[in-house]
Structures are given as C-alpha cells and as structure tokens.
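Engineer: If you read the sequences in order, they're chains A and G.
Heads up: the first sequence begins at 1 in my numbering, then just goes up one per residue.
Heads up: the second sequence begins at 1 in my numbering, then just goes up one per residue.
For each residue, glycine too, the CB sits at the ideal point set by N, CA and C.
Since this is a predicted model, take the numbers as computed values, not measurements.
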Amino acid sequence: MNVFRLVGDLSHLLAIIILLLKIWKTRSCAGVSGKSQILFSLVFITRYLDLFTNFISVYNSVMKIIYLVTSLGTVYLMYFKFKATYDSNHDTFRIEFLVVPVGGLSFLVNHDFTPLEILWTFSIYLESVAILPQLFMISKTGEAETITSHYLFALGSYRALYIVNWVYRYYTEGFFDLIAIVAGCVQTILYCDFFYLYITKVLKGKQLKLPA
Amino acid sequence: DLEEDTKDEL
C-alpha cells in the first residue's frame, strides 16, 4: 500500500458516499445515470468474486464489502425506492454497446484464460467506460447539479491517483499490470473535459453547464 | 512471476 493508492481509495469511497447521500437526503436521483450505477455494481461483483476465497488484508476485505453494499444500495434507491425521480428520458445510453465489446475483449486480451481472471479483466475494462452513460446524460441535459459534479470529480480523481500509484509501484517494486494501467488511463482521459469544466467553473461557484 | 500475482488492489 502507498499513499497514492490510499488517497485514491478514499476518493473513490468519498464519491460513492457523496452520491448515496445526495440521493438519500434529497430523496431524488435527478441528473444521475442509473445505467452507470448498474455498470459500477457489475464492476464490483465481477471483480470481488474472490472476496471470501482470497484474503489480502482487513482493509482490502472491508473496502470490497463497502463498495459492493453501497453500489448495490445506490442501484436499489434509484430503481426502486426513488424510481419516480429517475430521469429515464435522459439516461438513454445503450449499455449493451459497452458490455458486449468489453466482454469480448476480456476473452481476447487477459493475463490468464481462467474464469476468475477473465471476470477480473472484464471488470477492469468495464470500469474504464462505466462513466460514459453518466457523462452522456450530462451532455444531454447540458448541466449537472453541483453535488453531482463533486461526485464526478472524486470518482475521476480516484483512478488518476491509481495511475500515480502504478508509476510509484513500478519504480519501487518493479510491479506493473498493463491491463489495469491502459484501462486506467482510458478511464481518466474520459474525465478530462469534465475536470477542465469542474476546475474552471464549479470551483468558482458557477453551475456546471456544458457548452450546448 | 505471474503465479504469485495476488490482486492486492481494489
């Protein structure tokens, strides 16, 4: 463990908590893409199948359980409890266009052709594009609530910090995982224009409005 | 080596 990965994990946890609180407190999931939340739940389920078979550390197991419970809880709130506030008219990204190619790629490009490894690879590739429905939805509505932009900033920062962690681990341990690194770079690049808008607008107190 | 490739990252 290193400080970059720890801050990255905490940023990820913060993002998930921000979203959960936003939906729970406002009792509304307006402006939030349920499809992205479904994809994130799928990412955690396919990645953490070894939760009970492969103990790494207490921290590792506790965080995995928190991620699984909070992401599934968010999906539950969006599609059941506060379903009336779910904006399905703007959340129209075809996620099969993500899941199918990612599924195919995870069979073709992986470290080891075993079920657990292919599912882990699927989860890494899927996570890199899971935010697309959310970014697509914001581009359609042309704006995002400030709390949603804080969520996106924390979520985007987590994988950017993981990239720093991978550079650090490469130079200190000689460890690197090309699949995770390439997918992590794609994932972080997808946030770039949002990061620009967030820093130039939201941090100056303005509403996040995408150029229509 | 790949054998002890324990996935210790979240």
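Spell out a yes or no on whether the region 27-37 of chain A and the region 73-90 of chain A are touching, meaning 3 or more CB-CB pairs, one atom from each, closer than 8 angstroms.
Structural biologist: With a cut-off of 8 angstroms, the region 73-90 of chain A and the region 27-37 of chain A count as touching, because enough Cβ pairs lie within range.
Engineer: To which residues of the same chain is A183 (chain A) closer than 8 angstroms at the C-beta, ignoring the five residues directly before and after it?
Structural biologist: The answer, listed in chain order, is I124, Y125, E127 and S128.
Engineer: Straight-line CA distance for E71 (chain A) to E9 (chain G)?
Structural biologist: The question names Glu, yet the displayed sequence has Ser at residue 71 (chain A). Their Cα atoms are separated by approximately 18 angstroms.
Engineer: Is I56 (chain A) close to chain G? Criterion is C-beta to C-beta, closer than 8 angstroms.
Structural biologist: Output row for I56 (chain A): interface = yes.
Engineer: Could you name the residues of chain G that V5 (chain A) contacts, counting a contact when the two beta carbons are closer than 9 angstroms?
Structural biologist: It is Arg, not Val, that sits at residue 5 (chain A) in the sequence shown. Result: E9 and L10.
Engineer: With distance defined between alpha-carbon atoms, name the residue in A:I17, A:I118, A:E143 and A:I16 nearest to L210 (chain A).
Structural biologist: Of A:I17, A:I118, A:E143 and A:I16, the residue nearest in Cα terms is A:E143.
Engineer: List the residues that DSSP assigns as beta-bridge partners of V143 (chain A).
Structural biologist: It should be noted that the sequence gives Glu, not Val, for residue 143 (chain A). Note: E143 (chain A) sits in a beta bridge opposite A:K209.
Engineer: Below 8 angstroms on the Cβ atoms is my contact criterion, and I expect L208 (chain A) with K201 (chain A) to pass it. Report the Cβ-Cβ distance as a whole number of Å.
Structural biologist: Right, the Cβ-Cβ distance comes to about 6 angstroms (below 8 angstroms), so this counts as a contact.
Engineer: So, does the CB of F97 (chain A) fall closer than 8 angstroms to a CB anywhere in chain G?
Structural biologist: With 8 angstroms as the cut-off, F97 (chain A) does not count as an interface residue toward chain G.
Engineer: List, from N- to C-terminal side, the alpha helix (DSSP H) runs of 4 residues or more that fit wholly inside the region 115-141 of chain A.
Structural biologist: The region 115-141 of chain A contains these whole alpha helix (DSSP H) runs: 115-129 and 132-141.
Engineer: Please classify P133 (chain A) as buried or exposed, where buried requires at least 16 neighbouring CB atoms within 10 angstroms.
Structural biologist: Classification for P133 (chain A): buried.
Engineer: Does any residue of chain G bring its CB to less than 8 angstroms from the CB of D91 (chain A)?
Structural biologist: Not one chain G Cβ lies under 8 angstroms of D91 (chain A).
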